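Novice: Residue numbers (this note's numbering): 62 to 257.
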Amino acid sequence: MDMELIVAEYVKKELENNNNGHGLEHAKRVVQNTKLILKEVECKEYICIIAAYVHDLIDRKVAKDVNKAKVELELFLKHKLKLSQQDTIHVLDVCDSISYSKGLKLRSVEAKVVQDADRLDALGAVGIARTIAYGTSVNRPTYIKGDKSDDTAIGHFHSKLYKLKDLMNFEISREIASEREVIMREFERCYINECN
Ligand code: ADP
Ligand code: NI
Numbered sequence: 062m063d064m065e066l067i068v069a070e071y072v073k074k075e076l077e078n079n080n081n082g083h084g085l086e087h088a089k090r091v092v093q094n095t096k097l098i099l100k101e102v103e104c105k106e107y108i109c110i111i112a113a114y115v116h117d118l119i120d121r122k123v124a125k126d127v128n129k130a131k132v133e134l135e136l137f138l139k140h141k142l143k144l145s146q147q148d149t150i151h152v153l154d155v156c157d158s159i160s161y162s163k164g165l166k167l168r169s170v171e172a173k174v175v176q177d178a179d180r181l182d183a184l185g186a187v188g189i190a191r192t193i194a195y196g197t198s199v200n201r202p203t204y205i206k207g208d209k210s211d212d213t214a215i216g217h218f219h220s221k222l223y224k225l226k227d228l229m230n231f232e233i234s235r236e237i238a239s240e241r242e243v244i245m246r247e248f249e250r251c252y253i254n255e256c257n
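1) For the candidate residues 244, 230, 229, whose alpha-carbon lies nearest to that of residue 218?
2) Please tell me whether residue 85 and residue 76 are closer than 8 Å, where the distance is taken between their beta carbons.
3) Where the beta carbon is closer than 5 Å to any heavy atom of the ligand NI, which residues qualify, in chain order?
4) Since residue 212 contacts residue 205 with CB under 8 Å, what's their CB separation in whole angstroms?
5) Excluding the 5 residues preceding and the 5 following residue 216 in the sequence, name in chain order all residues of the same chain whose CB lies nearer than 7 Å to its CB.
6) For a quick check, are the C-beta atoms of residue 71 and residue 92 less than 8 Å apart?
7) What are the start and end residues of each continuous alpha helix (DSSP H) run of 4 or more residues lying completely inside the stretch 81–105, in chain order?
8) Using a threshold of 7 Å, is the CB atom of residue 197 nearer than that to any non-hydrogen atom of the ligand ADP?
9) Could you give the residue range of the alpha helix (DSSP H) that holds residue 220?
10) Under a Cβ-count criterion, where at least 16 other Cβ atoms within 10 Å of its own Cβ denotes burial, should residue 179 be classed as buried or exposed?
11) Compare the beta carbon distance of residue 151 and residue 108 with 8 Å and say whether it is the shorter of the two.
12) How would you call residue 156, buried or exposed, if buried means at least 16 neighbouring beta carbons within 10 angstroms?
13) Distance, Cα to Cα, residue 170 vs residue 200?
14) Starting from the C-beta of residue 252, find all residues in its chain whose C-beta is less than 8 Å away, skip the five residues before and the five after it, and write them out in chain order.
15) Short of 8 Å in beta carbon distance, which residues of its chain neighbour residue 174, apart from the five on each side in sequence? Order them along the chain.
16) What did DSSP end up calling residue 248 once you bin it into helix, strand or coil?
17) Note down, in chain order, each residue of its chain lying with its Cβ closer than 8 Å to the Cβ of residue 196, except the 5 sequence neighbours on either side.
18) In its own chain, which residues sit with a C-beta less than 6 Å from the C-beta of residue 185, not counting the 5 before and 5 after it?
And the structure:
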C-alpha cells in the first residue's frame, strides 16, 4: 500500500468524530491545497503531503492531551509509515510550527507550503462556513453592526482572515487567497445589506 493511502486511513480513523472545523474534510482540503502549491514550489513533496494530512492531530483543538498525541503520531510516522528519524522530526516540526496563533518562525520550505495550504482553507466559501460554524459553537453572533473583532464571525474576517492573503509564503497561494477573499467580501457586503 502506498504511503498516502496509509496516512489517509490513519487520519480518517483519528478525525472521524471531529466536527469543529478541524476534521477529516479539513485535512483532505489542506492536502488538495498543498498539491496545488507543490505545482509551483520545489521541495520534499512527501513531507508536505504527510504533514498536511496529520497537521491537526497534535493541535489542542483536536487532541485532548497534546503530548500524548505527539507520541502517538511519532510512533505512527516511524513504525507504520517507516519514515526515517530525520523525516519524522521534520513532519512533527511542520505540524508544530504552522499555527497562526502560535506565530512561530518556520524552519523549512515544507512548513511554508503546509502553512499556506492550511490558511487557504480558512478563506473562501469554506472559510465562511467554518467561521460561522465556529462562532455558533462558542455562542457568538454572526454579525453585529460595526464589529471587527473576534466577538462575531464576520468580525473575525477583519481581525484575522483578510490579513492572511498578505501573510502567504508563496505567490501562488497569494493568488488563490485573493480570489477567495473576493468571495468573502461579497458575502459580507450582501449580509450587511440584508441586515440593514
Ligand atoms: P490556527 O490553527 O492557524 O491557529 P485557528 O484554529 O485559530 O487557526 O482557526 C481555525 C479556524 O477556526 C479559523 O479559520 C476560523 O474559521 C475559525 N475561528 C478561529 N477563531 C475564531 C473566532 N474567534 N471566530 C470565528 N471563527 C474562528
Ligand atoms: Ni488546519
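Yeah, the Cβ is synthetic: ideal placement off N, Cα and C, and Gly gets one too.
Given the structure is predicted, the values throughout are model-derived calculations rather than measurements.
Specialist: Taking the structure as given:
1) If you number the sequence shown from 1, residue 218 lands on position 157. Selected option, being the one with the closest Cα: 244.
2) Within the sequence shown, the letter at position 24 stands for residue 85. Within the sequence shown, the letter at position 15 stands for residue 76. Yes.
3) Residues flagged by the Cβ proximity filter: 117, 179.
4) Start at 1 with the first residue of the sequence shown, and residue 212 comes out as number 151. Start at 1 with the first residue of the sequence shown, and residue 205 comes out as number 144. Confirmed, about 7 Å.
5) The residue you call residue 216 lines up with position 155 of the sequence shown. Sequence-distant Cβ neighbours of residue 216 in its own chain, meaning closer than 7 Å and more than five residues away, are 208, 209, 210.
6) Residue numbering aside, residue 71 sits at position 10 when the sequence shown is read from its first letter. Residue numbering aside, residue 92 sits at position 31 when the sequence shown is read from its first letter. In this structure, residue 92 does not lie closer than 8 Å to residue 71 by Cβ.
7) Whole alpha helix (DSSP H) segments, 4+ residues: 85–99.
8) Here residue 197 refers to the residue found at position 136 when the sequence shown is read from its first residue. No, Cβ of residue 197 sits at least 7 Å from all heavy atoms of the ligand ADP.
9) Looking up residue 220 in the sequence shown gives position 159. 214–220 is the extent of the alpha helix (DSSP H) around residue 220.
10) Residue 179 sits at position 118 when you count from the first residue of the sequence shown. Residue 179 comes out buried.
11) Against the sequence shown, residue 151 aligns to sequence position 90. Against the sequence shown, residue 108 aligns to sequence position 47. Yes, the pair counts as a contact, with Cβ atoms nearer than the cut-off.
12) Translated into positions along the sequence shown, residue 156 becomes position 95. Under the 10 Å beta carbon count, residue 156 is surrounded by 16 or more other beta carbons and is classified as buried.
13) The count along the sequence shown starts at 1 and reaches residue 170 at position 109. The count along the sequence shown starts at 1 and reaches residue 200 at position 139. If you take the alpha carbons of residue 170 and residue 200, they lie about 38 Å apart.
14) Locating residue 252 in the sequence shown gives position 191, where the first residue counts as 1. Contacts found: 203, 204, 215.
15) Residue numbering aside, residue 174 sits at position 113 when the sequence shown is read from its first letter. For residue 174, where only same-chain residues beyond five positions count, the Cβ hits under 8 Å are 95, 98, 99, 102, 104, 109, 230, 231.
16) Here the question's residue 248 lines up with position 187 in the sequence shown. DSSP, reduced to helix, strand and coil, places residue 248 within a helical segment of the structure shown.
17) Position 135 of the sequence shown, counted from the first residue, corresponds to residue 196. Around residue 196, the same chain offers 202, 203, 213, 214, 217 as residues with beta carbons nearer than 8 Å, after the five sequence neighbours per side are excluded.
18) As a position in the sequence shown, residue 185 is number 124, starting the count at 1. Apart from sequence neighbours up to five positions away, the residues of its chain that approach residue 185 with a beta-carbon distance below 6 Å are 241, 244, ordered along the chain.
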